[in-house]
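Visitor:
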Amino acid sequence: MTGTAVPKNRIAKDRHSTLRITAALMGTTILAGLPQAALAQAATTPAPAAPAEAAPAETAIQSITVLGSQRLEPDTIRSYIKLRIGQPYTQQGADQALKDLFATELFSDVKVRNEGGKVTIEVKENPVINRIILEGNKRLKEDKILPEIKLAPRQIFTRSKVRADVARIIELYKRQGRFAAEVEPKMVLLDQNRVDIVFEIQEGPKSKVRKINIIGNEQFDDGDLKDEMVTKETGITKIFSSGTSYDPDRMAFDQQKLRQFYLTKGYADFRIVSAVAELTPDKKDFILTYVVEEGQRYKFGEVKVDSQLRDFDSDRLATQLPMKKGDWYDAKMVEDTIEKLNETAGAFGYAFADVRPSYDRSKDDLTMGITFQIAEAPRVYVERIDVNGNTLTQDKVVRREFRLAEGDAFNSLQVKRSTSRINSLGYFQEKFEIEQKPGSAPDRIVLEANVEEKPTGELQLSAGYSSLEKLIFQGSIQQRNFRGRGQTIGLSLSYSNYSKSAEVSFTEPYLFDRNISLGFNLYRRDYNSFNYLNNDRNTTYKQATTGFQVRAGIPLTEYISAVGSYTFNIDDVTLDRTQFFTDRVNPGVQECDSLLAGRYLCEAIGKRTSSILGLSLIYDSLDSRVRPSRGRAISVTAEFAGLGGSVKYGRLRANAAQYWPVGKGWIFSVRGEGGLIKSFENRGAGVDPVRLTDRFYLGEPEMRGFDIRGVGPRVIRQPIVDDGNGNPKVITDRNSVIDDALGGKYYYLGHIELEIPLGSGARELGLRPSIFLDAGAVWGVKTPLLQSSPFPNGIFIPTRNAAGQALYVQIDEVSSTCQATKTSQVTNPVNPAPPACLASPNNSPIGSNVGPFQEIFVGNSARPRVSVGIGVNWNSPFGPFRIDFAHVLLKRPGDDTKSFTFNVGTQF
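Take 1091 as the starting number for the sequence shown in the numbering used here and just add one per residue.
#1: CB-CB under 7 Å to Arg1361, same chain, minus the five flanking residues each way: which ones, in chain order?
#2: Does Gly1356 get closer than 7 Å to chain B when you measure Cβ to Cβ?
#3: So what does DSSP say about Cys1927, is it helix, strand or coil?
#4: Measure the CB-CB distance between Asn1611 and Gln1577 and report whether it falls below 7 Å.
#5: Per DSSP, what kind of secondary structure is Pro1178 in: helix, strand or coil?
#6: In three-state DSSP terms, what is Asp1812?
#7: Can you name, in chain order, every residue of its own chain whose Cβ lies under 7 Å from the Cβ of Ser1938, other than the five neighbours on each side?
#8: Starting from Ser1906, trace the beta strand (DSSP E) in both directions and tell me its first and last residue.
#9: What three-state label does DSSP hand Gly1774 in the structure shown?
#10: Give me whichever residues DSSP pairs with Asn1932 in a beta bridge.
#11: Can you list, in chain order, the residues of its chain whose CB lies under 6 Å from that of Thr1334, leaving out five sequence neighbours each side?
#12: Excluding the five sequence neighbours on either side, which residues of its own chain have a C-beta within less than 7 Å of the C-beta of Pro1880, listed in chain order?
#13: Smallest Cα separation from Arg1799: which of Lys1988, Val1820, Tyr1690, Thr1911?
#14: Can you find at least 3 beta carbon pairs, one from the region 1280-1294 and one from the region 1253-1271, that sit closer than 8 Å?
#15: Quick check on this structure: which residue in Gly1688, Arg1689, Lys1697, Glu1648 has the alpha carbon closest to the alpha carbon of Val1663?
#16: Grab me the residues of Gln1309's own chain with a C-beta within less than 7 Å of its C-beta, minus the 5 sequence neighbours each way, in chain order.
#17: Could you work out which residue in Phe1770, Val1760, Leu1766 is closest to Ser1736 when comparing CA atoms only?
#18: Per DSSP, what kind of secondary structure is Asn1220 in: helix, strand or coil?
#19: Do Phe1500 and Val1470 have their C-beta atoms within less than 7 Å of each other?
#20: Considering only C-alpha positions, which residue in the set Asn1618, Ala1652, Tyr1649, Ser1651 is nearest to Leu1665?
#21: Ends of the alpha helix (DSSP H) at Ala1342?
#22: Which residue's Cα is closest to the Cα of Asn1478: Glu1538, Lys1316, Asn1432, Glu1205?
#23: Would you mind working out which of Ala1531, Asp1902, Asp1974 sits nearest Ala1467, comparing C-alpha positions?
#24: Along the chain, where does the beta strand (DSSP E) that runs through Tyr1517 open and close?
#25: Closest to Phe1462 by C-alpha separation, out of Met1423, Arg1570, Ala1747, Lys1738, would be which residue?
#26: Would you identify the three-state DSSP class for Lys1415, choosing helix, strand or coil?
#27: Going by DSSP, what residues sit across from Asp1450 in a beta bridge?
#28: Are Pro1718 and Tyr1749 closer than 7 Å when you measure CB to CB?
#29: Restricting to runs no shorter than 3 residues, where is the beta strand (DSSP E) found entirely within the region 1377-1402?
#30: Going by DSSP, name the residue or residues bridged to Leu1279.
#31: Determine whether the beta carbon atoms of Glu1593 and Arg1534 lie at a separation below 7 Å.
#32: Would you please state the rounded distance, in angstroms, between the beta carbons of Ile1724 and Ala1746? I believe it to be under 8 Å.
#33: Out of Gln1386, Val1487, Tyr1838, which has the shortest C-alpha to C-alpha gap to Asp1454?
#34: My assumption, with CB atoms under 8 Å, is that Gly1678 sits in contact with Gly1762. Please give the rounded CB distance.
#35: Round the Cβ separation of Gly1391 and Gly1459 to the nearest angstrom and send it over; I've been treating them as touching at under 8 Å.
#36: Rounding to the nearest angstrom, what Cα-Cα distance links Phe1992 and Asp1372 in this structure?
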């Protein structure tokens, strides 16, 4: 931007050269007349102001007048320049005034005139920004761009800020891997010297990594080295990976990954000569080229420990180090050893122990000798424990999770355990760490828990569809840190076609500030059991359970706890009276008909109460209870029903799980469980002492590859039909039989699963695929008394009146063609006055006929059922989603298989 200082004697002739800068923009014309590239990516330096033409003679400044100002006061403008009244007016002073005023970036044009000592400064102010408008931005929203740019409403417009903001927006897109992004700024003139600034954005495609070239590698092929990199070449197999886009920071990280890889393999002299990223001419892809120099491979030389700590014996420590002389050098092993030595020193109270490796490299025999030097340090004690940042949570909730107290000797293992326990509360930020700070003396340390509270209340409302329960509606509200005391209170409701439940729960983890937990649950659960006939799901019995549970737990060790419980249930098991009740056995008395329901169902109906004492021993060292990747969990639970109530049995369950991280996101797990139940009742001959509703069941979703309750003992009722020649034919087609699962008194179930890592893009979507093997069995039920209906007529069940008499239809009158015109319902099997045209005087009985069938008892075997398959968990926007494809390898006669299952809106 330029301006002109005009001496008086040149005005009349108007031959001076006035240099101006104006915002020559009309409507929505392009900002400045500069090419876009110059405006967007090259901050063009303004041309220097043209020097004012020399005045023929110096005159004293008599006055300084400011013209054209709108928002700025004249005195403010005069304060920007060095010209003063009484000073001589010089051309150099006028030029400097132009430079000073343009340097403020408040003006688009400035003129300086001198008329016999009367100096006039004429300015044209830069416009005020009315608003900032972004157009074409789809991948980056306004809330990501606007905070990053300098221009803002009510600020003064300047070209330099426009250029800087264009460059900044382009940089934001480059960080997303969009190197073809273009930004064109435009300005819309408004009244009152205001403007709208419009940034027209062409985002362009995301720049991918087309090829990664590695030059100089001889010991390892390109594939091995590319596997170590976070950046991946684009391809069909990387469709879900975000690592295929180019990122300079990621490229620098990849160089570090390559160094780590070679250093772990013994190549101590490895270096990267150059790393170049070339953008293809179409700006769509990048080609990355690394030039490496591998160097020689080293082995460990002498490995020693030089300890100045009195509790550490150097020679003994050296024998326990993982590296030995002659092993290939591994820099990662050295780092892990330093960390382990620091941790060991911390466990002995040396919080500020300093472990440093001293290297002795020999290029002659290619060995790397190492001496781990442990400097002298004082034993440290905990001076103070501070808890900061907790606005809702009470201090004691955090302090009681510390495994150290003020005055205790410092122990790094206990600090680590305290960190894990505080993280497990779930009240604070992820990756919380206890900070260690020096105390008031060298042998004192301060432990600080700087927490950031997060919401602990949860409100969940969901609707979904399950292959088991069809439509599902669920709602729950829970507060896991009620009143900041660490208490948990919750209410949950669920409804589906075959189950309904309501539950209220409360847990106090530290009763009276002692390490004793206490909780209770109140609940009502309605469950409909069912079977299938011709793919139709038919309800067999209904079970309604109302009850409560009180539980208390105490820790036995850091990882082992004991939980005792008392449960009281009122169970009511019913059958559909219109479907399963008749008076066939006792005329006039409606009761469960074993011919229709089966004896095992008739035995289950009725009301009963259960008074159950339980005790659980739990070992838990998992790193996370939500999605564990490391650790072990074991529990054993014993229950006894019989302290009052009408049910008496003992039940034992055991569960165990082990998780291992197997590198790069792979998680391998083995889980197993089993149980047995023994009744202390005698329910009569031919009746299993364990009730149907107290037994164990296996199938979907516990065991994939099998339908719900599809494994174990069952009674299958098979119809018998005429084969066309008058001979009986048994129907065995699964869709034509009635299948009733009976459960068992013993069961075991095992899972082997390998979770497969995906790219970061898939992880962000919440996709977690896995391959699995399930094996299990349930057995031990007593062989039930089976029913049958004879071929060819089956069994007729008469309808009776209130007095227990069988009912008949009697024909009283007929037409001329012997068609019945009047009938009546009677109890006499013979018509005393039958119409003459009837062939027989016998009346027609009223009732139903049970067709011919036979029942078989199958599946009561402890031999394992085995299935394998692949499944995917997805934390979708509609709720958790699980889909499984399974193939059954081993099964027993009667087992009901199912290859495909899915669940939406339910917990897994």
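All C-beta atoms in this analysis are idealised placements derived from N, C-alpha and C, irrespective of residue type, glycine included.
Guide: On the basis of the data shown:
#1: Glu1383
#2: Any reference to chain B falls outside this structure, which holds one protein chain only.
#3: coil
#4: no
#5: strand
#6: strand
#7: Ile1887
#8: Here Ser1906 belongs to no beta strand (DSSP E), and DSSP marks it neither H nor E.
#9: coil
#10: Val1920
#11: Lys1298, Val1299, Lys1322, Thr1324, Lys1328
#12: Pro1942
#13: Lys1988
#14: yes
#15: Lys1697
#16: Glu1384
#17: Phe1770
#18: strand
#19: yes
#20: Asn1618
#21: 1338-1354
#22: Glu1538
#23: Ala1531
#24: Segment: none, Tyr1517 is in no beta strand (DSSP E) and carries neither H nor E.
#25: Met1423
#26: coil
#27: Gly1459
#28: yes
#29: 1389-1397
#30: Val1285
#31: no
#32: 5 Å
#33: Gln1386
#34: 54 Å between Cβ atoms; not a contact.
#35: 3 Å
#36: 45 Å
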